[in-house]
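Novice: Okay, so the sequence shown: first residue is 2 according to my numbering, each after it adds one.
Cβ atoms here follow ideal geometry from the backbone N, Cα and C, with glycine treated the same way.
Values in this document were obtained by computation on a predicted structure and should not be read as measured data.
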Amino acid sequence: MIVGIGIDLVDIVRMKGVLERWGERFIERVFTEDEKEYALSRRYPHIHLSGRFAIKEALFKAIGGGTNPWIWKEVEVFNDRGGAPKIRLYGGLKRLISKKFITSVHISISHDHAYSIGQVVLEKK
Ligand SMILES: CC(C)(COP(=O)(O)OP(=O)(O)OC[C@H]1O[C@@H](n2cnc3c(N)ncnc32)[C@H](O)[C@@H]1OP(=O)(O)O)[C@@H](O)C(=O)NCCC(=O)NCCS
2 MIVGIGIDLV DIVRMKGVLE RWGERFIERV FTEDEKEYAL SRRYPHIHLS GRFAIKEALF
62 KAIGGGTNPW IWKEVEVFND RGGAPKIRLY GGLKRLISKK FITSVHISIS HDHAYSIGQV
122 VLEKK
């Protein structure tokens with residue numbers, strides 16, 4: 002049964018500006034080491050960081066409150082061998098998800114040159 006959905010759109014140009022202004026400080030605060038490594042391995046890191054940022058926001062929406070928006074790094078997006086994005090949760094956010102009996106978190110990301118979009122679906126068995 003689907004128990005939550007969330008979607009978020011991120012302006013890639015704005016993300017680029019934030020990265021230019023705050024650089025490493027912003028990255029360290031919001032993204033995990035693996036997310037950073039993946040993005041920096043790509044030609045346009047800010048595009049991939051935008052997609053990951055959209056997923057973090059979409060997840061907070063899907064959960065529907067009860068989360069602290071400062072826990073960015075408790076959400077980690079990674080790609081499987083086929084390139085499909087998957088999610089890992091840590092700490093309090095992981096505990097919150099299991100407290101709500103959510104068994105799967107499905108995500109999808111798309112980018113063009115202007116925007117990244119992230120979608121999250123929460124499922125309960
Ligand atoms: C999967 C595919 C449709 C993505 O199309 P695209 O236009 O490059 O994708 P978008 O620009 O809209 O979005 C990029 C995001 O798609 C996601 N993505 C990549 N491969 C994916 C896949 N196989 N399944 C689901 N999502 C995928 C990633 O999250 C990526 O963003 P990220 O690199 O920042 O994580 C395209 O790569 C494709 O047709 N590949 C060939 C078929 C294939 O590889 N199939 C998978 C194995 S069965």
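Below 8 Å, can you find three or more Cβ-Cβ pairs linking the stretch 81-90 to the stretch 12-26?
Specialist: A contact is defined here as three or more CB-CB pairs under 8 Å, and the stretch 81-90 fails this definition with respect to the stretch 12-26.
Novice: Can you tell me which residues form a DSSP beta bridge with His-107?
Specialist: Stepping through the sequence shown from its first residue, residue 107 is reached at position 106. Answer is Val-122.
Novice: How long is the line joining the alpha carbons of Arg-89 and Ile-98, rounded to whole angstroms?
Specialist: Counting from one through the sequence shown, the residue named residue 89 turns up at place 88. Counting from one through the sequence shown, the residue named residue 98 turns up at place 97. Spanning the two alpha carbons is a distance of roughly 11 Å.
Novice: For Ser-117, does the three-state DSSP call read helix, strand or coil?
Specialist: Locating residue 117 in the sequence shown gives position 116, where the first residue counts as 1. In this structure, Ser-117 counts as strand in the three-state DSSP scheme.
Novice: From the DSSP output, in three-state form, read off Gly-5 for me.
Specialist: Stepping through the sequence shown from its first residue, residue 5 is reached at position 4. Residue state, collapsed to three classes: strand.
Novice: For Ile-56 and Val-78, which I take to be in contact (beta-carbon distance under 8 Å), what is that distance rounded to the nearest angstrom?
Specialist: As a working mapping, residue 56 is identified with position 55 in the sequence shown. As a working mapping, residue 78 is identified with position 77 in the sequence shown. Right, their Cβ atoms sit about 5 Å apart.
Novice: Near Asp-9, what residues of its chain come up, given a Cβ to Cβ distance below 6 Å and the 5 sequence neighbours on each side ignored?
Specialist: Within the sequence shown, numbered from 1, the residue matching residue 9 stands at position 8. So the qualifying residues of the chain are Ala-55, Glu-58, Ala-59 and Gly-119.
Novice: Going by C-alpha to C-alpha distance, which of Lys-95, Asn-80 and Ile-13 sits closest to Ile-72?
Specialist: Locating residue 72 in the sequence shown gives position 71, counting from the first residue. The option with the nearest alpha carbon to Ile-72 is Lys-95.
Novice: How long is the line joining the alpha carbons of Asp-12 and Arg-22, rounded to whole angstroms?
Specialist: In the sequence shown, residue 12 corresponds to position 11, counting from 1. In the sequence shown, residue 22 corresponds to position 21, counting from 1. Looking at the two C-alpha atoms, the distance is approximately 15 Å.
Novice: Between Ala-63 and Thr-104, what straight-line distance do the alpha-carbon atoms span, to the nearest angstrom?
Specialist: For the purposes of this step, residue 63 is identified with residue 62 of the sequence shown, where counting begins at 1. For the purposes of this step, residue 104 is identified with residue 103 of the sequence shown, where counting begins at 1. Using only the alpha carbons, I get a separation of about 14 Å.
Novice: Grouping DSSP H, G and I as helix and E and B as strand, with all else coil, what is Lys-87?
Specialist: Position 86 of the sequence shown, counting from 1, holds the residue named residue 87. Of the three classes helix, strand and coil, the one that applies to Lys-87 here is strand, per DSSP.
Novice: Would you say the beta carbon of Ala-63 is closer than 7 Å to some non-hydrogen atom of ligand 1?
Specialist: In the sequence shown, the residue the question calls residue 63 occupies position 62. Every heavy atom of ligand 1 is 7 Å or more from the Cβ of Ala-63, so no.
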